[in-house]
Amino acid sequence: MKKYIYLSFICVVNLLVSCTDVIDVEVPTADPRLVIEASLDWEKGTLGNNQTIKLSKTSPYFDTNSSNPVTNAMVSVTRLSDNRVFNFANNNDGTYTTTSFEAVFNETYQLDVLYENEVYTATEMLLPTTEITKITQSKDGGILPDAIEVNVFFDDPDNETNFYIIRFQNQGDLFPEFRDLSDELLNGNEIRVFYEKRGDDENDKDNELKPGDVVDINLFNVSERYYKYMQLLNSQLGSGNPFSPTPVELRGNCINATNADNYPYGYFRVTETDERVYTITEEN
Numbered sequence: 001m002k003k004y005i006y007l008s009f010i011c012v013v014n015l016l017v018s019c020t021d022v023i024d025v026e027v028p029t030a031d032p033r034l035v036i037e038a039s040l041d042w043e044k045g046t047l048g049n050n051q052t053i054k055l056s057k058t059s060p061y062f063d064t065n066s067s068n069p070v071t072n073a074m075v076s077v078t079r080l081s082d083n084r085v086f087n088f089a090n091n092n093d094g095t096y097t098t099t100s101f102e103a104v105f106n107e108t109y110q111l112d113v114l115y116e117n118e119v120y121t122a123t124e125m126l127l128p129t130t131e132i133t134k135i136t137q138s139k140d141g142g143i144l145p146d147a148i149e150v151n152v153f154f155d156d157p158d159n160e161t162n163f164y165i166i167r168f169q170n171q172g173d174l175f176p177e178f179r180d181l182s183d184e185l186l187n188g189n190e191i192r193v194f195y196e197k198r199g200d201d202e203n204d205k206d207n208e209l210k211p212g213d214v215v216d217i218n219l220f221n222v223s224e225r226y227y228k229y230m231q232l233l234n235s236q237l238g239s240g241n242p243f244s245p246t247p248v249e250l251r252g253n254c255i256n257a258t259n260a261d262n263y264p265y266g267y268f269r270v271t272e273t274d275e276r277v278y279t280i281t282e283e284n
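Read left to right, the sequence shown gives residues 1 to 284 (UniProt numbering).
Shown next as structure tokens:
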């Protein structure tokens, strides 16, 4: 009997030890691709001359220590109506800047990036953006009861098809949040978009907006293609819905004109923006 117990003990120990074995999983890798972050935003009330484009390369999923900036490219943007070229200076850190960009409504602009003997290009039209008419805060217009939400109001132009992106970022947060909105059912009406921060569960109050928080807000009127791009991006950013669509490779409007198979990631956007800053106040 003692021998049986001893042998059983040995088997259990061996089982536990075997459970701690390290299993090497071979993770598929892909060749690095160029990532183009080219958002030329013309803030209302400014000339919009100062613009920045960022270039980098993709990195392996588990590599968190490398940003892979691209420092040996040539970058320019051309206004196609008059072939006015705006060259972007290389800052040798992955950013390319200009202080002479000229923004003109309803003009089409073309991005050109020359990198490793290949040309990447994209086009986009600069659209005017309606103004934000007012910003309020409340506790009865969001999803969570008793949570503070920021309400942004603007008037949609009548007899036009418009697509909007609203960017919210609570100062101090690492990433912004985006809302995508079409005026398909709201044409010519006042539009309200709210921003409410939520925690992991209903009892997590620490992550909600509080008096003193400062929220940066940007309203953009964008092309239908960029609107659909952001719709897809938002649907894949941690919805938490087990029935949501399987994430897919997200490609923007940038193409490789030299080698189509070596396509880039990212987007070239040119738009006006109405930018506001709102501070959460004490409850009345």
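Note that CB positions come from ideal geometry on N, CA and C, so glycine has one too.
Between the alpha carbons of residue i and residue j, how many angstroms are there, rounded?
| i | j | result |
| --- | --- | --- |
| N207 | P264 | 35 Å |
| F268 | N159 | 27 Å |
| P176 | N218 | 11 Å |
| T46 | R251 | 31 Å |
| L233 | L181 | 14 Å |
| A89 | S235 | 35 Å |
| L144 | R198 | 8 Å |
| L7 | P69 | Any reading at L7 must be qualified, since the residue scores a pLDDT of 44, below 50, and its modelled position is unreliable; the value itself is stated next. If I take the Cα positions, the gap works out to 59 Å. |
| residue 367 | Y120 | Residue 367 lies beyond the stretch modelled for the chain, which goes from 1 to 284, so this question has no answer here. |
| A257 | N91 | 25 Å |
| E196 | D216 | 13 Å |
| L80 | E275 | 27 Å |
| K44 | N106 | 15 Å |
| G212 | D173 | 14 Å |
| A73 | M125 | 24 Å |
Between residue i and residue j, how many whole angstroms is the CB-CB distance? I'm expecting something under 8 Å.
| i | j | result |
| --- | --- | --- |
| T71 | D93 | 7 Å |
| T271 | L127 | 6 Å |
| T99 | N170 | Between N170 and T99 the Cβ distance is about 30 Å, and since that is not below 8 Å, they are no contact. |
| M230 | I165 | 6 Å |
Since residue i sits in a beta bridge, which residues does DSSP pair it with?
| i | result |
| --- | --- |
| F153 | K134 and R192 |
| I217 | F168 and R276 |
| G45 | G45 is not bridged to any residue. |
| F86 | V77 |
| L185 | In the DSSP output, where bridge partners are listed per residue, L185 has none listed. |
| V270 | L40 |
| F101 | None; F101 has no bridge partner. |
| Q51 | T98 |
Between the Cα of residue i and those of the options, spot the shortest distance and give me the residue it belongs to.
| i | options | result |
| --- | --- | --- |
| L237 | R179, G252, V85 and N189 | R179 |
| V75 | S67, E118 and I217 | E118 |
| C254 | I36, G48 and P32 | I36 |
| P32 | A103, S67 and N91 | S67 |
| S56 | A38, F168 and K44 | A38 |
| V214 | N187, V150, T258 and A260 | V150 |
| K210 | E283, D156, K228 and S223 | E283 |
| N189 | P157, Y227 and A260 | P157 |
| N187 | T161, G172 and F168 | T161 |
| N83 | N262, Q110 and K228 | Q110 |
| Y226 | L114, A122, G212 and Q137 | A122 |
| T281 | A103, K139, K228 and L174 | K139 |
| E224 | D261, D183, E249 and N262 | D183 |
| residue 285 | E249, V104, K54 and F168 | In the structure displayed, the chain extends from 1 to 284; residue 285 sits before or after that span and is not available. |
Would residue i pass as a contact of residue j if the rule is Cβ separation under 8 Å?
| i | j | result |
| --- | --- | --- |
| F194 | G141 | yes |
| Y278 | I135 | yes |
| T78 | D41 | no |
| T130 | N221 | yes |
| G48 | F86 | no |
| R192 | F163 | no |
| T133 | T95 | no |
| Y115 | L185 | no |
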